[in-house]
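Numbering (full-length UniProt numbering), first residue to last: 1 to 291.
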Amino acid sequence: MELRHLRYLLAVVDHGNFTRAADTLHISQPTLSQQIKQLERALGVQLLDRSGRTVRLTDAGEAYAQHARLALRDLDAAERAVHDVQDLSRGRLRIAMTPTFTSYLIGPLVHRFRSAHPGITLNIGGTSQDRIEADLMADRVDIGIAFAGEHAAGIEHTPLFTEDLVLVVGSRHRLATTARSLPVDRLTGEPLGLLTGDFATRLHIDRYFAESGIAPPIAVEANSISALLEVVRRGSLATVLPDAITRAHPDLHPVTLSPPPPTRTVELLRRRTAYHSAAARAFATMAAENA
């Protein structure tokens, strides 16, 4: 048995198909099938049920694959530890964050980090908070940036800063020049563009509106912050987003709502028992210092 057997088995499981798994692994389908059979002979059990259209794990395969994933995760962590360079002359850092932060936080932070440590390769992704924590536990990412709240067991969380939500309008919107603050009940007849319910920010806004006893008309829903900002900066719609976004976009104007939406605490997340590389430690320190 060799490590490649474990990687091959999990590739078949993840793709549910030998052909797609072989393409991903850049080997031929017959070679992959032969390697899996070698693993099954070595273990003396059948790991895969090949009888259906989709290849599935047998009961023995389920038990084995679970331990195989854990073993490969720990081995990957061990390899990163061996290659971790304490002087930060080289290395790799995987960062995940809820999508709101891609519009104002990550750009300046990555610029400062890259200026200080140009040898570190960064992999950055935006996803849901639940997925961030799952990826941290599975060692698919090193650092997460998300909001305070209930976290999965084993997640270490460090407060960075608080985020304020405001009404955001473009420079052509009538409120850009007539209002610096606005009672929230004035939004009853104001058409809004908002993020979709996939975003934690939208859920936070909906709760705020419900507690304020209003239901503004929603003219546009977008699952992209950049798309929403493009609509808003044209002038016909307002939105509700973090105040920091307006500081990153001079053509957008913040209007303070009264009473203000509840603030949210932004946190840096890591797996408590994970190996934290020199790059991860340096990024965490910089994020805390620049919060």
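Just so it is clear, CB atoms sit at the ideal spot from N, CA and C, and this is done for glycine as well.
For this session: Look up G125 in the DSSP assignment and say whether it is helix, strand or coil.
Result: strand
Problem set entry | Close Cβ partners of R180 (< 7 Å) along its chain, the five nearest in sequence each way excluded | V255, T256
For this session: Report yes or no: do three or more beta-carbon pairs, one from the region 246-266 and one from the region 111-123, lie closer than 8 Å?
Result: no
Problem set entry | Three or more C-beta pairs below 8 Å linking the region 220-228 and the region 193-202 | yes
Problem set entry | Ranges of the beta strand (DSSP E) found wholly within the region 75-105, counting only runs of at least 3 | 91-97
For this session: Assuming A71 contacts D135 (C-beta within less than 8 Å), just tell me the rounded distance between them.
Result: 18 Å between Cβ atoms; not a contact.
For this session: Identify the continuous alpha helix (DSSP H) that holds T54 and give its terminal residues.
Result: Counting along the chain, T54 falls outside any alpha helix (DSSP H), and DSSP gives it neither H nor E.
For this session: Taking the CB atoms as reference points, tell me whether I36 and L25 lie closer together than 8 Å.
Result: no
Exercise. Quick one: Cα of P191 to Cα of V231, how far?
Worked result: 12 Å
Exercise. Under the three-state reduction of DSSP, which class applies to P191: helix, strand or coil?
Worked result: coil
Exercise. First and last residue of the alpha helix (DSSP H) that includes P30?
Worked result: 29-43
For this session: Verify the contact flag: I225, CB atom, against every heavy atom of the ligand MG, threshold strictly below 7 Å.
Result: Here there are no bound small molecules, and the ligand MG is not part of this structure.
Exercise. Can you tell which of R4, H249, L9 has the C-alpha that lies nearest to the C-alpha of residue 311?
Worked result: This structure leaves residue 311 out entirely; the chain is present only between 1 and 291.
Exercise. Between which two residues does the alpha helix (DSSP H) containing E221 stretch?
Worked result: Here E221 belongs to no alpha helix (DSSP H); instead the beta strand (DSSP E) covers 218-222.
Exercise. Do you know how far the Cα of G107 is from the Cα of Q129?
Worked result: 19 Å
For this session: Keeping to the same chain, check which residues put their C-beta closer than 7 Å to that of T239; ignore five residues upstream and five downstream.
Result: V168, L192, G193, L194, L228, V232
Problem set entry | From P260, T158, L241, residue whose alpha carbon lies closest to that of E289 | T158
For this session: Have a look at L57, Q46, R234, A146 and flag the residue whose alpha-carbon is nearest the alpha-carbon of N17.
Result: L57
Problem set entry | the region 244-251 / the region 134-154 touching (three or more Cβ pairs under 8 Å) | no
Exercise. In the structure shown, what three-state DSSP assignment does A146 receive?
Worked result: strand
Exercise. At a cut of 8 Å, does the region 269-277 reach the region 148-163 through at least three beta carbon pairs?
Worked result: yes
Exercise. The alpha helix (DSSP H) spanning R207 covers which residue range?
Worked result: 200-212
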